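Enquirer:
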Amino acid sequence: MKFLTPTTPENDGILGRQIAFFAAFILPIYKLLELPSILARFTGGDLLLPAFLQYVFQTVVLVALLFVASRSEKTLMQRLEEKLGKWTAAVYILYALYFLFAAVLPLLDLDKFVYAIFYDTSPTFFSFLFFFPLSAYLCARGIKTLGRLADLSLFLFLVPFAVLLTMSLVEADASNLLPIFQHRFEHTVSAFTYTAPHFSDAALLLPLLGNLRYKKGDGKKILGGYGLGGVLTLVFLGVFYGVYSTIAAREHYAFAKIAQYFPALTVIGRIDLLLVYLLCIVLFVFVASPLHFATDLSTRLLGVKRRAWVSAAIHLGALVFVLFCNQHYNAIYALWGEKLFPVFWVFADFVPLLLLLFLVKIPKKEKRHA
109 MKFLTPTTPE NDGILGRQIA FFAAFILPIY KLLELPSILA RFTGGDLLLP
159 AFLQYVFQTV VLVALLFVAS RSEKTLMQRL EEKLGKWTAA VYILYALYFL
209 FAAVLPLLDL DKFVYAIFYD TSPTFFSFLF FFPLSAYLCA RGIKTLGRLA
259 DLSLFLFLVP FAVLLTMSLV EADASNLLPI FQHRFEHTVS AFTYTAPHFS
309 DAALLLPLLG NLRYKKGDGK KILGGYGLGG VLTLVFLGVF YGVYSTIAAR
359 EHYAFAKIAQ YFPALTVIGR IDLLLVYLLC IVLFVFVASP LHFATDLSTR
409 LLGVKRRAWV SAAIHLGALV FVLFCNQHYN AIYALWGEKL FPVFWVFADF
459 VPLLLLLFLV KIPKKEKRHA
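One point on numbering: in our numbering, the residue at position 149 of the sequence shown is 257, and numbering is uninterrupted.
#1: Given Trp453, which residues of its chain have a CB within under 7 angstroms of its CB, disregarding the five upstream and five downstream residues?
#2: If you drop the 5 nearest sequence neighbours on each side, which residues of the same chain put their C-beta closer than 8 angstroms to that of Val459?
#3: What's the gap between the Cα of Leu123 and the Cα of Phe129?
#4: Under 6 angstroms Cβ to Cβ from Ala204, same chain only, skipping five residues before and after it: list those, please.
#5: Relative to the alpha-carbon of His291, which residue among Val468, Ala439, Leu443, Pro158 has its alpha-carbon at the smallest distance?
#6: Threshold first: 4 residues or longer. Then list the alpha helix (DSSP H) segments lying entirely within the segment 350-415, N to C.
#7: Using 10 angstroms around the beta-carbon of Asn438, count the other beta-carbons present and answer buried if the total reaches 16, otherwise exposed.
#8: Given a threshold of 16 other Cβ atoms within 10 Å of its Cβ, counted over all protein chains shown, does Gln435 qualify as buried or as exposed?
#9: Starting from the Cα of Val428, find the closest Cα among Leu237, Ser298, Ile127, Leu141 and give me that residue.
#10: Inspect the beta-carbon positions of Gly346 and Leu184 and report whether they are closer than 8 angstroms.
#11: Which of helix, strand or coil does DSSP assign to Ile201?
#12: Opposite Leu320 in the DSSP bridges: which residues?
#13: If I'm right that Leu135 touches Asp309 with Cβ under 8 angstroms, what's the distance once you round it to whole angstroms?
#14: Hey, Thr253 and Leu242: beta-carbon distance below 8 angstroms or not?
#15: DSSP state of His295, grouped into three classes?
#16: What residue range does the alpha helix (DSSP H) around Asn438 cover?
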């Protein structure tokens, strides 16, 4: 199959540093929204264990992807197109559909979050619609735009996150996490499977790695960035449960609430919301990312010269979905977490690991002559 928009050096616009920032400061933001309450519901004070296991699992997959990327000067997408030929279209179709599938819960969560946090009075029906034209514009841009936003996320995420965490330490009690292993391991397994949609990190990094022209040191940067994001997430989970303890399972939208008991807020007001607004910019980028990847793959498949039309079509479909399905939020969440979690394991873990066997050439041993 001849792609009208092939992967060429001119289209490769992502740097190892930017992928590291994406892994460190954009991937964690969605995990600070609903994940803490979900983990607390299943495992209580042991909520760090399933999250840690998820990070170990994703790190193994990421190491395999980085190893594959380091074995050639060409990008992963170039090598895949050369290896598969016309069958590349099937892979792109499946992953375009997967990214639309992976965008469902973030879209619904962002919809509920905007209504619950930013409006003191009853919001209008179209309060959330501002997301779609902004996201459509972002998705109409190339991969370089995501790279630049990843650079900005260093300041947009790290500073407000650190301040909110510091403010929350006043009310946090580490003893709430004790004793450890107070729940049966089967609860940890349930939490591990149910939260699979929140830990499809390897799949979200795959399009970025697919456009990376690997250079020496990129692997350490990206692994270091992902490790930092994991540490920040685990620290946040611990502090969150330290603040809310047994009622943590009922406290949704964690990063907007973690600092609300800071004593000074009773005098000066909810200035912590200013920090939440900054984090919401990063959350916006995260939610738009799978839509961006779906737009990119669809553009390659259709051979459309202007990706703005593809982006508009995808966002129109996403808008219709949110408007009609947000009333079924709990049912969709349960369906994704209880029944459809294997989809995330296949596309975020199993298929990327197959690249290790498919794209890496194992040198043959030379025969010794007598």
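By construction, the Cβ of each residue, glycine as well, lies at the ideal position given by its N, Cα and C atoms.
Note that this is a predicted model, so its numbers are computed, not measured.
Expert: Per the coordinate set shown:
#1: Ala304
#2: none
#3: 10 angstroms
#4: Ala402, Leu405, Ser406
#5: Pro158
#6: 362-365, 373-376, 380-410
#7: exposed
#8: exposed
#9: Leu237
#10: no
#11: helix
#12: Ile122
#13: 5 angstroms
#14: no
#15: helix
#16: 437-446
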